[in-house]
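Peer 1: The structure's right below; bear with me while I get my questions together.
In our numbering, the protein residues as written are -3 to 453.
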């Protein structure tokens, strides 16, 4: 019997050329009442996705109480002067639509999606929630009780405790320094507080409506004018805010959790906002350091040393300020060793240019993630909202991949030296003091707190 030789391919096939992105037709307009509208046609499925943003969030309401914009958004969804909560749910179900509301530090939003043929009734409900929310007493009480349970639960989460302490350290008395209300603050929320925030923030001049989906832009613009045209209201007056803290030198903040079997590490320093010209450079530098699954930090303390399962770094952009952070949950016995490697990788990026093949891998990764994010209506909406809310150039998305690919090892070396501020990183450790205090003291002057934020030492 004759033998047959089969050739087996070895190695990884080369990457195909990057596909061009077909950008949807976009239409920008301003309604007669001042509401900004951005429409993008995407005809792949007979649906549309939308968000009605307001350019005010928890930070703008912080002078009243922390977390108030978020609670306002939650309760605004529960009833209007025309529809009770149950009626809203039934009406959404009848037209096959989804609708949610929420708020972050800098924005509040009503998010929705539905079939294009029912665009008008869905937008009508969005308009009603933006203008005529009734804040039913029973719904307010129910949401407040639920929020109380949430804030109690947060105090048991090491990741939350670490990020809370880091934000306090980096931002001090600035509104960004408080990420969540206390139990006492939630207990003191009043329905009238929410109504005051709603009247101030939820206005067309403070808003921006983004719609992506299967529609004709000019027809949709007419629909938007019909639906939202009678809504009126000015932009809120900007509130003066305190300057953020500016901590110098490495310091360590230990949040004591008795009996913790591992330690949550978070370290951070001030960085930049999305509008800054160095944003793409810092994004690529972060991707190489710890922002991607094959990044240097992951390869070092996860793959090579096995100290942790999930190290991660990120550039966190808020509207007024930004910060860089790196985090990992590690075994108690390797806290010092993990911190040593976190700083070793940081200082290496600040000292030695990135090899060209490694840079090319990181560029492929960022470019690929960006392209995947445009594959759905929802993903496209998310990208368009970043551009609109951060007032980025109109061609930001179209030129993103090209600009990422143009960056050089010298660009990244300069960026790491500028923003990975190794000498002034603030270190937060959440764990059992008896297990980690000696290790913590190796990295800087030490302050110790309990899980409720009270100073112990």
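Using N, Cα and C, we set each Cβ at its ideal position, and we do this for glycine too.
Is residue 503 helix, strand or coil when you go by DSSP?
Peer 2: Nothing can be reported for residue 503: it is not among the residues displayed for the chain, which extend from -3 to 453.
Peer 1: So, under 8 angstroms CB-CB, residue 346 and residue 323 are touching, yes? Tell me the CB distance rounded to an integer number of Å.
Peer 2: As a first step, residue 346 is located in the chain shown; it is residue number 350 there, counting from the start. As a first step, residue 323 is located in the chain shown; it is residue number 327 there, counting from the start. With a Cβ gap of about 20 angstroms, residue 346 and residue 323 do not count as contacting.
Peer 1: In the structure shown, what three-state DSSP assignment does residue 431 receive?
Peer 2: In the chain shown, counting from the first residue as 1, residue 431 sits at position 435. Correct three-state label for residue 431: helix.
Peer 1: Pop quiz: residue 303 and residue 330 are said to be a contact at Cβ under 8 angstroms. What is the actual Cβ separation, rounded to whole angstroms?
Peer 2: Here residue 303 corresponds to residue number 307 of the chain shown, with the count starting at 1. Here residue 330 corresponds to residue number 334 of the chain shown, with the count starting at 1. Between residue 330 and residue 303 the Cβ distance is about 5 angstroms, and since that is below 8 angstroms, they are a contact.
Peer 1: Comparing alpha-carbon positions, which option in 137, 220, 228 and 209 lies nearest residue 188?
Peer 2: As a first step, residue 188 must be located in the chain shown, where it is residue number 192. Of 137, 220, 228 and 209, the residue nearest in Cα terms is 137.
Peer 1: At the level of alpha carbons, what is the spacing between residue 23 and residue 34?
Peer 2: As a first step, residue 23 is located in the chain shown; it is residue number 27 there, counting from the start. As a first step, residue 34 is located in the chain shown; it is residue number 38 there, counting from the start. Each residue's Cα considered, the two are about 6 angstroms apart.
Peer 1: How many Å lie between residue 386 and residue 315 at the Cα?
Peer 2: Stepping through the chain shown from its first residue, residue 386 is reached at position 390. Stepping through the chain shown from its first residue, residue 315 is reached at position 319. So the two alpha carbons sit approximately 7 angstroms from each other.
Peer 1: My understanding is that residue 405 touches residue 253, with C-beta atoms under 8 angstroms, so please give their C-beta distance in whole angstroms.
Peer 2: Walking along the chain shown from the start, residue 405 turns up at place 409. Walking along the chain shown from the start, residue 253 turns up at place 257. The distance from the Cβ of residue 405 to that of residue 253 is about 42 angstroms, inconsistent with a contact at the 8 angstroms cut-off.
Peer 1: Reducing DSSP to helix, strand and coil, say where residue 18 ends up.
Peer 2: On the chain shown, position 22 is the one that residue 18 refers to. Of the three classes helix, strand and coil, the one that applies to residue 18 here is coil, per DSSP.
Peer 1: Can you tell me whether residue 275 is buried or exposed, with buried defined as 16 or more other CB within 10 angstroms of its CB?
Peer 2: Taking the first residue of the chain shown as position 1, residue 275 is located at position 279. The residue in question, residue 275, is buried, as its Cβ has 16 or more Cβ neighbours within 10 Å.
Peer 1: Would you call the stretch 17 to 31 and the stretch 182 to 196 touching, i.e. three or more CB-CB distances under 8 angstroms?
Peer 2: no
Peer 1: Restricting to runs no shorter than 3 residues, where is the beta strand (DSSP E) found entirely within the stretch 26 to 94?
Peer 2: 32 to 37 and 43 to 50
Peer 1: In whole angstroms, give me the CA-to-CA distance for residue 364 and residue 401.
Peer 2: For the purposes of this step, residue 364 is identified with residue 368 of the chain shown, where counting begins at 1. For the purposes of this step, residue 401 is identified with residue 405 of the chain shown, where counting begins at 1. Approximately 12 angstroms, taken between the alpha carbons.
Peer 1: Check for me: the beta strand (DSSP E) holding residue 318 runs from which residue to which?
Peer 2: Against the chain shown, residue 318 aligns to sequence position 322. Counting along the chain, the beta strand (DSSP E) containing residue 318 begins and ends at 318 to 327.
Peer 1: So, is residue 353 buried or exposed, given that buried needs 16 or more other C-beta atoms within 10 angstroms?
Peer 2: Numbered from its first residue, the chain shown carries residue 353 at position 357. So residue 353 counts as exposed.
Peer 1: What are the start and end residues of the alpha helix (DSSP H) that includes residue 406?
Peer 2: Taking the chain shown and counting its residues from 1, the one referred to as residue 406 is at position 410. Here the alpha helix (DSSP H) through residue 406 covers 405 to 415.
Peer 1: Whose CA, out of 58, 432 and 25, lies closest to the CA of residue 238?
Peer 2: As a first step, residue 238 must be located in the chain shown, where it is residue number 242. Residue 238 has its Cα closest to that of 58, out of 58, 432 and 25.
Peer 1: Report the partner residues of residue 259 according to the DSSP bridge assignment.
Peer 2: What you label residue 259 is simply residue 263 of the chain shown in a count that begins at 1. Looking at the DSSP assignment, residue 259 forms a beta bridge with 326.
Peer 1: In whole angstroms, what separates the C-alpha of residue 412 from that of residue 163?
Peer 2: Numbered from its first residue, the chain shown carries residue 412 at position 416. Numbered from its first residue, the chain shown carries residue 163 at position 167. Our two residues, residue 412 and residue 163, have alpha carbons roughly 22 angstroms apart in a direct line.
Peer 1: On the three-state DSSP scale, how would you describe residue 268?
Peer 2: Numbered from its first residue, the chain shown carries residue 268 at position 272. Correct three-state label for residue 268: coil.
Peer 1: Quick check on the burial criterion: 16 or more other C-beta atoms within 10 angstroms. Buried or exposed for residue 368?
Peer 2: Sequence index remark: in the chain shown, residue 368 carries index 372 (1-based). Per the 10 Å Cβ criterion, exposed.
Peer 1: Could you give the distance in angstroms between the alpha-carbon of residue 107 and the alpha-carbon of residue 437?
Peer 2: Numbered from its first residue, the chain shown carries residue 107 at position 111. Numbered from its first residue, the chain shown carries residue 437 at position 441. Looking at the two C-alpha atoms, the distance is approximately 46 angstroms.
Peer 1: Measuring only the C-alpha atoms, how far is residue 428 from residue 259?
Peer 2: Residue numbering aside, residue 428 sits at position 432 when the chain shown is read from its first letter. Residue numbering aside, residue 259 sits at position 263 when the chain shown is read from its first letter. Taking the straight line joining both Cα atoms gives about 8 angstroms.
Peer 1: Run through DSSP, which three-state label would residue 445 get?
Peer 2: To locate residue 445, count along the chain shown from 1; it is residue 449. The answer is strand: DSSP assigns residue 445 an E or B state.
Peer 1: Can you tell which of 149, 80, 161 and 105 has its C-alpha closest to the C-alpha of residue 131?
Peer 2: Here residue 131 corresponds to residue number 135 of the chain shown, with the count starting at 1. The option with the nearest alpha carbon to residue 131 is 80.
Peer 1: Among the candidates 36, 170, 264 and 77, whose CA atom is the shortest distance from the CA of residue 236?
Peer 2: If you number the chain shown from 1, residue 236 lands on position 240. Here the closest residue by C-alpha is 170.
Peer 1: Quick one: give me the first and last residue of the beta strand (DSSP E) that residue 104 is part of.
Peer 2: By one-based count along the chain shown, residue 104 stands at place 108. 104 to 111 is the extent of the beta strand (DSSP E) around residue 104.
Peer 1: Taking 8 angstroms as the threshold (C-beta atoms), are residue 45 and residue 109 in contact?
Peer 2: Working through the chain shown from its first residue, we reach residue 109 at position 113. Working through the chain shown from its first residue, we reach residue 45 at position 49. Yes.
Peer 1: If residue 388 sits next to residue 270, beta carbons under 8 angstroms apart, how far is it from one beta carbon to the other, in whole angstroms?
Peer 2: Numbered from its first residue, the chain shown carries residue 388 at position 392. Numbered from its first residue, the chain shown carries residue 270 at position 274. Sure, about 7 angstroms apart at Cβ, within 8 angstroms.
Peer 1: Since residue 251 and residue 158 should fall inside the 8 angstroms C-beta cutoff, what is the C-beta to C-beta distance between them, to a whole number of angstroms?
Peer 2: As a working mapping, residue 251 is identified with position 255 in the chain shown. As a working mapping, residue 158 is identified with position 162 in the chain shown. So it is a contact: roughly 7 angstroms between Cβ atoms.
Peer 1: Residues in its own chain within less than 7 angstroms of residue 444 by CB, not counting five upstream and five downstream?
Peer 2: Here residue 444 corresponds to residue number 448 of the chain shown, with the count starting at 1. Hits under 7 angstroms: 250, 252, 429, 452 and 453.
Peer 1: How about residue 229 and residue 321: are their beta carbons less than 8 angstroms apart?
Peer 2: In the chain shown, the residue the question calls residue 229 occupies position 233. In the chain shown, the residue the question calls residue 321 occupies position 325. In this structure, residue 229 keeps its C-beta atom at 8 angstroms or more from the C-beta atom of residue 321.
Peer 1: Out of 279, 450 and 129, state which residue places its alpha-carbon closest to the alpha-carbon of residue 366.
Peer 2: Here residue 366 is taken as the residue at index 370 of the chain shown, counted from 1. Ranked by how close their Cα comes to the Cα of residue 366, the residues 279, 450 and 129 have 279 in first place.
Peer 1: Which one of 350, 446, 197 and 196 has the shortest CA to CA distance from residue 277?
Peer 2: Taking the chain shown and counting its residues from 1, one reaches residue 277 at position 281. Looking from the CA of residue 277, the closest CA among 350, 446, 197 and 196 belongs to 350.
Peer 1: Looking at residue 112: is its Cβ nearer than 8 angstroms to the Cβ of residue 49?
Peer 2: Along the chain shown, one-based indexing puts residue 112 at 116. Along the chain shown, one-based indexing puts residue 49 at 53. Cβ atoms of residue 112 and residue 49: not closer than 8 angstroms.
Peer 1: Quick check on the DSSP output: the beta strand (DSSP E) that includes residue 338 runs from which residue to which?
Peer 2: Here residue 338 corresponds to residue number 342 of the chain shown, with the count starting at 1. Unbroken run through residue 338 is the alpha helix (DSSP H), 331 to 347; no beta strand (DSSP E).
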